[in-house]
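As numbered in the UniProt record's numbering, residues 1 to 115 make up the sequence shown, in order.
What follows is one structure encoded as structure tokens, with my remarks underneath.
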Amino acid sequence: MSWRFPPRGWLKFNVCGVVFEAKVGGGGVFRDEDGVARALFSGPSEAKDAKLAELKSIGVALELYEDKSGKVKLFFFAEIERRSYLSFGKVEHMGNEMAFALAIAGVMHSDTFKA
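What follows is the structure, given as structure tokens:
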């Protein structure tokens, strides 16, 4: 499975959580409808396993969305309640290489990086 572009007018974020040598990290990347990376993050996680690190990474992605869009979270969550605006999907590791690499980098660092 390979990465797919989001529909026109959407932003897509991919997140990943990993456990490596007993350390947990998370990372993610926002891309626009043309596949251009608009924001990314990587950092350690206090989570106990990779799945929880992924959930925490979604929270970081929402914060990053707020920072980059200039919109408040309330607007984003209002969109979440309207199911047509939000879609979750699971992809295999090979379709999520950038988020996986960011999560591995997050394990190796003590601070969260956001750009």
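Glycine residues also receive a C-beta, built at the ideal position from the N, C-alpha and C atoms.
Since we're looking at a predicted model, the values are computed, not measured.
Check: Going along the chain, which residues of its own chain have a beta-carbon closer than 7 angstroms to the beta-carbon of K114, five neighbours each way excluded?
Finding: In the sequence shown, counting from the first residue as 1, residue 114 sits at position 114. The residues are F41 and L64.
Notebook entry, point to check: A99: buried (16+ other C-beta within 10 angstroms of its C-beta) or exposed?
Noted result: What you label residue 99 is simply residue 99 of the sequence shown in a count that begins at 1. Result: buried.
Margin query: At the level of alpha carbons, what is the spacing between F5 and A103?
Written below: Your numbering for residue 5 matches position 5 in the sequence shown. Your numbering for residue 103 matches position 103 in the sequence shown. About 21 angstroms.
Notebook entry, point to check: Which class does E81 belong to by DSSP, given the choice of helix, strand or coil?
Noted result: Numbered from 1 along the sequence shown, position 81 holds the residue referred to as residue 81. Low per-residue confidence applies at E81: pLDDT is 41, beneath 50, and the placement is therefore not dependable, though the value from the model is reported in the following sentence. Helix at E81.
Notebook entry, point to check: Rounded to the nearest angstrom, how far is the Cβ of G106 from that of G26, given a contact under 8 angstroms?
Noted result: As a first step, residue 106 must be located in the sequence shown, where it is residue number 106. As a first step, residue 26 must be located in the sequence shown, where it is residue number 26. Confirmed, Cβ separation roughly 5 angstroms.
Checklist line | Separation of K12 from L55, as counted between CA atoms | finding: Counted from its first residue, the sequence shown places residue 55 at position 55. Counted from its first residue, the sequence shown places residue 12 at position 12. So the two alpha carbons sit approximately 16 angstroms from each other.
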